[in-house]
Ligand code: SF4
Ligand code: SF4
């Protein structure tokens, strides 16, 4: 299973990861920060890691 971490100090809630993820892994929380809510669905395409403008996302299969 992959492990995805969003650094909320870096995330500004732009929503890019939500837009690019083909598996609907992310959602914004009540504070407007991205959360990996469906991590088990991740297909390791690595689009989220590559597209985040703030380099806030770490996916241990996308190093
Ligand atoms: S792309 Fe990066 S900055 Fe934008 S919502 Fe996702 S984690 Fe946050
Ligand atoms: S690696 Fe791809 S499938 Fe996995 S969370 Fe990121 S965008 Fe979604």
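Numbering (the working numbering), first residue to last: -14 to 48.
We put the CB at the ideal spot given by N, CA and C, even for glycine.
On a predicted model such as this, the values are computed, not experimentally measured, just so you know.
Excluding sequence positions up to five away, which residues of its chain have a Cβ less than 8 Å from the Cβ of residue 20? Within the same chain, Cβ atoms closer than 8 Å to the Cβ of residue 20 are found at -9, 11, 12, 13 and 14, the five residues on either side in sequence being excluded.
Look at the alpha carbon of residue 46 and the alpha carbon of residue 28, and state the distance between them as a whole number of angstroms. The alpha-carbon atoms of residue 46 and residue 28 are separated by roughly 10 Å.
Burial state of residue 4, where buried means 16 or more other Cβ atoms lie within 10 Å: With fewer than 16 other Cβ atoms inside 10 Å of its own Cβ, residue 4 counts as exposed.
Can you tell me whether DSSP reads residue 44 as helix, strand or coil? Residue 44: strand per DSSP, three-state reduction.
Who sits around ligand 2, taking every residue whose Cβ is closer than 5 Å to one of its heavy atoms? Residues with their Cβ less than 5 Å from any non-hydrogen atom of ligand 2, running along the chain, are 6, 8, 10, 27, 28, 30, 31, 32 and 33.
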